[in-house]
């Protein structure tokens with residue numbers, strides 16, 4: 024039976040029988056295998072210092088290099104990416120020459136059968152799983168190297184992506200579609216989109232804990248941060264730790280969707296679902 028439970032503005036939940044733990048705010052202090060990808064959208068209103076300093080691999084997807092170059096200003100030497108990858112139809116010659124002189128490795132990938140975002144994700148998977156990235160064919164060399172991952176036990180990677188869900192609506196939907204595909208093919212790659220307003224990520228079917236130390240770690244407002252649970256396909260959701268918790272709640276894009284809910288638990292949120300969900304949390 025479906026049920027909706029309204030909670031006080033602050034509660035503590037019991038964390039039991041969790042099958043998957045997701046820590047979307049770990050970039051505040053991440054010592055694991057972690058990456059930051061900068062896409063070709065404005066980052067001028069995002070403070071990237073903390074996430075840059077707490078990630079070990081830095082990638083610009085084509086025109087994302089222009090955005091980083093502009094962001095850095097007279098301190099751009101503090102933000103030198105390890106790689107620039109893509110079809111390179113957006114990056115300017117000035118930016119390309121600057122980063123090349125600073126030691127950035129530039130990897131042209133001219134194929135139009137993958138987005139620059141997906142080319143970046145391939146690079147991340149190859150890099151952290153020990154596949155040597157040298158003499159890469161400029162058309163689709165990264166895609167070909169991905170075949171080498173079939174025989175490997177893939178490591179856990181925290182992948183943070185600046186923006187990617189702003190700009191054109193079709194590009195935002197495509198990005199969501201791609202993290203869904205990546206989650207199914209490479210579940211050890213944990214992707215988190217970081218925008219000016221919120222953080223967006225995917226949780227797999229099962230009983231998931233969205234973990235954090237304190238709400239104040241990621242939200243400075245007076246009430247509670249907004250959360251949305253967006254289904255890819257019809258699913259049944261139960262939650263613990265939201266302002267309006269649900270039990271056995273049927274959700275779909277042509278039915279009910281839990282948007283504008285709130286996080287009230289001080290020690291994490293549990294989401295149980297029988298299909299993958301996209302989650303957005305207000306920063």
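Numbering (my numbering), first residue to last: 24 to 306. Ideal Cβ positions, reconstructed from N, Cα and C, are used throughout, including at glycine.
Anyone know if the C-beta pair for residue 90 and residue 62 falls short of 9 Å?
-> Taking 9 Å as the Cβ cut-off, residue 90 and residue 62 qualify as a contacting pair.
Cα separation between residue 272 and residue 68?
-> 37 Å
Does DSSP put residue 112 in a helix, in a strand, or in coil?
-> coil
How is the alpha helix (DSSP H) around residue 183 delimited, first residue to last?
-> Taken as a continuous stretch (DSSP letters only), residue 183 belongs to no alpha helix (DSSP H), being part of the beta strand (DSSP E) at 180–185.
Please confirm whether residue 294 and residue 199 have their CB atoms less than 9 Å apart.
-> no
Extent of the continuous beta strand (DSSP E) to which residue 144 belongs | First-last for residue 144: 139–151, but that is the alpha helix (DSSP H), not the beta strand (DSSP E).
Taking C-alpha atoms, which residue in 164, 289, 140 lies nearest to residue 195?
-> When each option's Cα is compared against that of residue 195, the closest is 140.
Hey, which unbroken runs of the beta strand (DSSP E) at 3 residues or more fall wholly within the stretch 257–283?
-> 258–263, 267–270, 272–274
What's the C-alpha gap between residue 275 and residue 305?
-> 22 Å
Which same chain residues, not among the five before or five after residue 134, have their C-beta less than 6 Å away from its C-beta?
-> 162, 163
Helix, strand or coil: which one does DSSP assign to residue 291?
-> Residue 291 carries a coil assignment under DSSP once its states are collapsed to helix, strand and coil.
Looking only at DSSP bridge pairs, what is residue 84 linked to?
-> Under DSSP, residue 84 takes part in a beta bridge, and its partners are 108.
Residue range of the beta strand (DSSP E) that includes residue 67 = Run containing residue 67: none; DSSP gives neither H nor E here.
Nearest residue (CA-CA) to residue 126, options 104, 136, 109 = 104
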